[in-house]
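Sequential numbering of the sequence shown, starting at 1, is according to full-length UniProt numbering.
For reference, the structure discussed in these notes is given below.
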Amino acid sequence: MKDFLGQTLRQCFSGLGFSSEREEEGAGLYADMCSSSNSVLLFAPPASVSLAIGKCITPHLKSAYTLGLPNSRSAGFLFSSLNMDDSDDADNPDIMRTNLFAREVVAPTALPVYASDSVDHTTPVPHPTSRTNYFNSLMYGRLFEDFRLEALVAQQLGKQNLLVISGISAWDSTAHSHLEAQYIHKTQGYCADLTYSSTDNVFGTSCLFRVPYTNWSAGGEVIYTAAEKSGGLSLGAKWVKVHEKGVASILTFLCNPMMGYMNTTYTSTIRPNWVMSTSYDFNTYSYNSDLAVGVAYSPLEAENRLLKCRFSMTKGLALLLEGQFKRAIVGLGVTTNLGLGSSIRQSIGVEIQFI
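Following this line, the structure appears as structure tokens:
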């Protein structure tokens, strides 16, 4: 389940034009190339009992509070120069769909808020702010009960450039604190970024190109670790085919030649509001492999219900059921590894979020 501030943060990046769900505005990030399959296969079911409250204080400021068992409590705020007030939708708990696929393809990937039933869900939902200002900014922060602070600051530098700085500061000196920075340049034909992480002093750059007049995109990433004085290389390709409105197929391929790692995914609409995705990982050095299959389904007659299920040969079975009841979004999660290669581990969790 996406929390209130996480969903608002996603909406802000979409409003800035730097979201993987807004590829009609240009090429996406190389890191987001597998976002379609990740939405179906890499969801995180609740593993404990959690209660969250989200509130829109002003059109530019929102807050969220979380209380979880056994000991997980936090308070967060998000401020943005973008007008995040959807007028009638700002406090409307009605659920809408988000785009799993790029280019006008709809699938049940989450239960976000802020949208009215009059929205045409077959087209990307524009942010309710004017896009004439290309120097917007946002600030996000969350404080946990152990006084650990996570923060993110984003500053738009023109229509095609974005600077994002994020980090975690731990109160305990023995805990790990780190800082990350990312500079993004996005155009219709390609999207490039420069990254830095204080953890092991990692520098990286990546780029994803759209091949003109085809359904293909290709790119790569190069990183250098100053602490280990070593580097890394990743190459990838993506194929997107929109068969008709609301129906598409996405194929991705990633490889890391230095580590011998390969991954391929295929995601497709199999029925209305029913998406299926498969993923296969293989390492040519160790011969370790993993096959994962997942589905995401939301009944047409009950658009405020969402079911996700995945099965992995190494991670086992995971199930997520979400539904909306008035102003509450309830999520139920079940995970079990079925004893594949180790002892059986399982968990059941419930998450309730009031908007």
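Quick reminder that beta carbons are idealized off the backbone N, C-alpha and C, glycines included.
Keep in mind that this is a model prediction, so the values were computed, not measured.
Residue environment for R310: buried (at least 16 other C-beta atoms within 10 angstroms of its C-beta). In the structure shown, R10 falls within a helical segment according to DSSP collapsed to helix, strand and coil.
The beta carbon of L194 sits closer than 6 Å to the beta carbons of Y183 and T205 from its chain, once the five residues preceding and following it are set aside; these are given in chain order.
Going by beta carbons, Y280 and T264 fall inside the 7 Å limit. Judged by pairs of C-beta atoms under 8 Å, the segment 210-223 does not touch the segment 59-73, as fewer than three such pairs exist. DSSP, reduced to helix, strand and coil, places L69 outside both helices and strands of the structure shown, so it counts as coil. By the criterion of at least three beta-carbon pairs nearer than 8 Å, the segment 13-20 is not in contact with the segment 298-307. One Cα belongs to S14, the other to K326, and the distance between them is close to 26 Å.
Inside the segment 166-245, DSSP marks no whole alpha helix (DSSP H) run of 4 or more residues.
When DSSP reads this structure, L162 sits in a beta bridge with Q156 and I184. Contact between V330 and A296 does not hold, since their C-beta atoms are separated by about 17 Å, which reaches or exceeds 8 Å.
By the neighbour-count definition (other C-beta atoms within 10 Å, threshold 16), V211 is an exposed residue. When E145, S166 and G68 are compared, the shortest CA-CA separation from L138 is found for S166. Straight through space, the alpha carbons of S298 and A292 are spaced by roughly 21 Å. Residue environment: R142 is assigned as buried (16 or more neighbouring CB atoms within 10 Å of its CB, all protein chains considered).
Every unbroken stretch of the beta strand (DSSP E) spanning 3 or more residues and falling wholly within the segment 263-348 is given here in chain order: 274-283, 289-297, 305-312, 316-325 and 328-336. At the C-beta level, N215 and K241 come within 7 Å of one another.
Beta-carbon to beta-carbon, E228 and D200 are separated by about 7 Å, close enough to satisfy the 8 Å threshold. Looking at the DSSP output, E351 sits in a beta bridge with S50 and G331. By the C-beta density criterion, T58 is exposed, having fewer than 16 other C-beta atoms within 10 angstroms. P45 is positioned such that its CB atom lies closer than 7 Å to that of L320. By the criterion of a C-beta distance shorter than 6 Å, S249 is surrounded in its chain by K241 and S268, once the five residues flanking it on both sides are discounted.
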